[in-house]
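Residue numbers (the UniProt record's numbering): 1 to 338.
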């Protein structure tokens, strides 16, 4: 029964890992196409995480192939940790730490508060330290059943520390984004609402996986179903980070489309130029795609705002435009008639 349970958990964990790997591949390709001029540090983070995820997927695939195919039916091979100590706790700890540091930087840019940034950073530094301890325990245990007995408390602490860090970051980023909303421009409010929803969705997804991992480990002793969420933990962090970075392109495109319909309350029409051409700004704040506040208004605001329209026109009037005026005969026409 233990061998069957171990093989089932590893098999389904690998399937879900490959499914999320396909999603990650699409996210990385989207980032490569849509953000060619992104900051160098973001490029290093994205491509570095992608290389590490390739190594993690290859390691898990080899371990499951060795346990379920090469040594099929062998209980020792089914319970062997092999390179899972590298693929699960080490890779997940590194990738989650990098993702959390990006979130800490965003919180710092949004809040400009030393205390908020320090609190989030402290939570972030605790998680990789516990992940290293879990890596050492799993490497020394060599078997899953022995690992359950030797590292029960430390694995629970690691899972709940990740979940607490994800929830704390989501709360802080939501609070900072709400403070950034001036409540005067509908476009900015819509963008901030979209970012808040994205932050909560990605943060809660990774937090639920961490809580599920700890719950299965505690509620089902001797059962290795906790390997299923553990196998996909790093992929969830990678996809959440790439989803957040790729959202900037969609937000900027939406800002550009909506800014084409913006109109200034004071219009200046110059001779030789079209009066329906207005300057547009694509500047954004905080690397989020949130547009800077500018003195422009939506056409619906014209009903409540007093606008002044200044135009310069040149009109040329001739005597022929006067009613009842008859032009005198030309001297050339008189001479020709004679």
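Don't be surprised by glycine CBs; every beta carbon is placed ideally from N, CA and C.
Relative to the C-alpha of residue 138, which candidate in 203, 87 and 52 has its C-alpha closest?
For the purposes of this step, residue 138 is identified with residue 138 of the chain shown, where counting begins at 1. From the listed residues 203, 87 and 52, the smallest Cα separation to residue 138 is found for 87.
Buried or exposed for residue 162, please, with buried defined as at least 16 other CB atoms from any protein chain shown within 10 angstroms of its CB.
Locating residue 162 in the chain shown gives position 162, where the first residue counts as 1. Classification for residue 162: buried.
Would you list the one or two residues that DSSP bridges to residue 80?
Counted from its first residue, the chain shown places residue 80 at position 80. For residue 80, which the question treats as bridged, DSSP gives the partners 143.
With DSSP as the reference, label residue 166 as helix, strand or coil.
Mapped onto the chain shown, residue 166 falls at position 166. Residue 166 falls in the helix class under three-state DSSP.
Along the chain, which unbroken stretches of the alpha helix (DSSP H) at least 4 residues long are found entirely within the UniProt domain "DUF6534" (163-249)?
186-219 and 227-231
Considering only residues of the same chain and omitting the five flanking positions on each side of residue 67, which have a CB-CB separation below 6 Å?
Counting from one through the chain shown, the residue named residue 67 turns up at place 67. Hits under 6 Å: 77 and 78.
Residue 64 versus residue 55 - alpha carbon distance
Indexing the chain shown from 1 puts residue 64 at position 64. Indexing the chain shown from 1 puts residue 55 at position 55. Taking the straight line from one Cα to the other gives about 14 Å.
6 Å CB neighbourhood of residue 233 in its chain, flanking five on each side removed
Against the chain shown, residue 233 aligns to sequence position 233. If we look at residue 233 and ignore the five residues flanking it on each side, its Cβ neighbours are 92 and 209.
Using the C-alpha atoms, what's the distance from residue 198 back to residue 119?
Stepping through the chain shown from its first residue, residue 119 is reached at position 119. Stepping through the chain shown from its first residue, residue 198 is reached at position 198. Going from the Cα of residue 119 to the Cα of residue 198 covers about 22 Å.
Taking 8 Å as the line, does the beta carbon of residue 246 fall inside it for any heavy atom of the ligand NAD?
Inclusion of the ligand NAD in the displayed structure is not the case, the ligand content being empty and no account of it being possible.
Which residue marks the beginning of the alpha helix (DSSP H) containing residue 97, and which one marks its end?
For this step, residue 97 is matched to residue 97 along the chain shown. Per DSSP, residue 97 is one residue of the alpha helix (DSSP H) stretching across 91-111.
Residue 201 classed as buried or exposed, judged by whether at least 16 other C-beta atoms fall within 10 angstroms
Here residue 201 refers to the residue found at position 201 of the chain shown. Classification of residue 201: exposed, given that the 10 Å Cβ count is below 16.
If you reduce the DSSP assignment to three classes, tell me which class residue 71 lands in.
As a working mapping, residue 71 is identified with position 71 in the chain shown. Looking at residue 71 - three-state DSSP - the assignment turns out to be coil, as it is neither helix nor strand.
Coarse secondary structure for residue 35, derived from DSSP in three states:
To locate residue 35, count along the chain shown from 1; it is residue 35. Correct three-state label for residue 35: coil.
Taking its Cβ as the centre, do 16 or more other Cβ atoms sit within 10 Å of residue 236, making it buried, or is it exposed?
Walking along the chain shown from the start, residue 236 turns up at place 236. Looking at its Cβ environment, which holds 16 or more other Cβ atoms inside 10 Å, residue 236 is buried.
Here's the rule I'm using: 16 or more other beta-carbon atoms within 10 Å means buried, otherwise exposed. How should residue 25 be labelled?
Translated into positions along the chain shown, residue 25 becomes position 25. Exposed, since its Cβ has fewer than 16 Cβ neighbours within 10 Å.
Nearest CA to the CA of residue 134: which residue from 123, 42, 112 and 89?
Position 134 of the chain shown, counted from the start, is the residue given in the question as residue 134. The alpha carbon of residue 134 has as its nearest neighbour, out of 123, 42, 112 and 89, the alpha carbon of 89.
Quick check: what's the CA-CA separation for residue 222 versus residue 57?
Locating residue 222 in the chain shown gives position 222, where the first residue counts as 1. Locating residue 57 in the chain shown gives position 57, where the first residue counts as 1. Computed Cα separation, rounded: 26 Å.
Between the CA atoms of residue 245 and residue 44 - distance to the nearest angstrom
Position 44 of the chain shown holds residue 44. Position 245 of the chain shown holds residue 245. In this model, residue 44 and residue 245 are separated by some 13 Å (Cα to Cα).
What three-state label does DSSP hand residue 356 in the structure shown?
This structure does not reach residue 356, given that the chain is present from 1 up to 338, and the question cannot be answered.
Figure out for me which residue from 70, 114, 130 and 34 has the closest Cα to the Cα of residue 94.
Here residue 94 corresponds to residue number 94 of the chain shown, with the count starting at 1. Considering only alpha carbons, the answer is 130.
For residue 153, count neighbouring Cβ atoms within 10 angstroms of its own Cβ and tell me buried if that reaches 16, exposed if not.
Stepping through the chain shown from its first residue, residue 153 is reached at position 153. The residue in question, residue 153, is exposed, as its Cβ has fewer than 16 Cβ neighbours within 10 Å.
Report the residue from 206, 218, 249 and 252 whose alpha carbon sits nearest the alpha carbon of residue 231.
One-based indexing of the chain shown puts residue 231 at position 231. That would be 206, whose Cα lies nearest to the Cα of residue 231.
According to DSSP, is residue 151 part of a helix, a strand, or is it coil?
Along the chain shown, one-based indexing puts residue 151 at 151. Looking at residue 151 - three-state DSSP - the assignment turns out to be coil, as it is neither helix nor strand.
Beta-carbon spacing of residue 228, residue 220 below 9 Å
Residue mapping note: residue 228 aligns to position 228 of the chain shown, counting from 1. Residue mapping note: residue 220 aligns to position 220 of the chain shown, counting from 1. It is not a contact, given that the beta carbons lie outside the stated cut-off.
Anticipated Cβ contact below 8 Å, residue 14 with residue 60, distance rounded:
As a first step, residue 14 must be located in the chain shown, where it is residue number 14. As a first step, residue 60 must be located in the chain shown, where it is residue number 60. For a cut-off of 8 Å, the C-beta gap from residue 14 to residue 60 is around 6 Å, short enough to register as a contact.
Please report how far the alpha carbon of residue 81 lies from the alpha carbon of residue 6, in whole angstroms.
In the chain shown, the residue the question calls residue 81 occupies position 81. In the chain shown, the residue the question calls residue 6 occupies position 6. Rounded to the nearest angstrom, the gap between the Cα atoms of residue 81 and residue 6 is 11 Å.
Cα-Cα separation, residue 122 to residue 16:
For the purposes of this step, residue 122 is identified with residue 122 of the chain shown, where counting begins at 1. For the purposes of this step, residue 16 is identified with residue 16 of the chain shown, where counting begins at 1. Between the alpha carbons of residue 122 and residue 16 lies a gap of roughly 31 Å.
From residue 11 to residue 225, what distance separates their C-alpha atoms?
Position 11 of the chain shown, counting from 1, holds the residue named residue 11. Position 225 of the chain shown, counting from 1, holds the residue named residue 225. Approximately 11 Å, taken between the alpha carbons.
Does the Cβ of residue 47 have 16 or more other Cβ atoms within 10 Å, making it buried, or fewer, making it exposed?
Taking the chain shown and counting its residues from 1, one reaches residue 47 at position 47. When all chains shown are included, residue 47 counts as exposed.
Any 3 or more C-beta pairs closer than 8 Å across the segment 96-108 and the segment 165-177:
yes
Thinking C-beta only, is residue 249 closer than 9 Å to residue 35?
Residue mapping note: residue 35 aligns to position 35 of the chain shown, counting from 1. Residue mapping note: residue 249 aligns to position 249 of the chain shown, counting from 1. Cβ atoms of residue 35 and residue 249: closer than 9 Å.
Given a cut-off of 9 Å on the beta-carbon distance, is the pair residue 147 and residue 214 in contact?
Position 147 of the chain shown holds residue 147. Position 214 of the chain shown holds residue 214. Cβ distance not < 9 Å, so residue 147 and residue 214 don't count as in contact.
Alpha carbon to alpha carbon, what distance is there between residue 74 and residue 143?
Taking the first residue of the chain shown as 1, we reach residue 143 at position 143. Taking the first residue of the chain shown as 1, we reach residue 74 at position 74. Straight-line Cα distance between these residues: approximately 13 Å.
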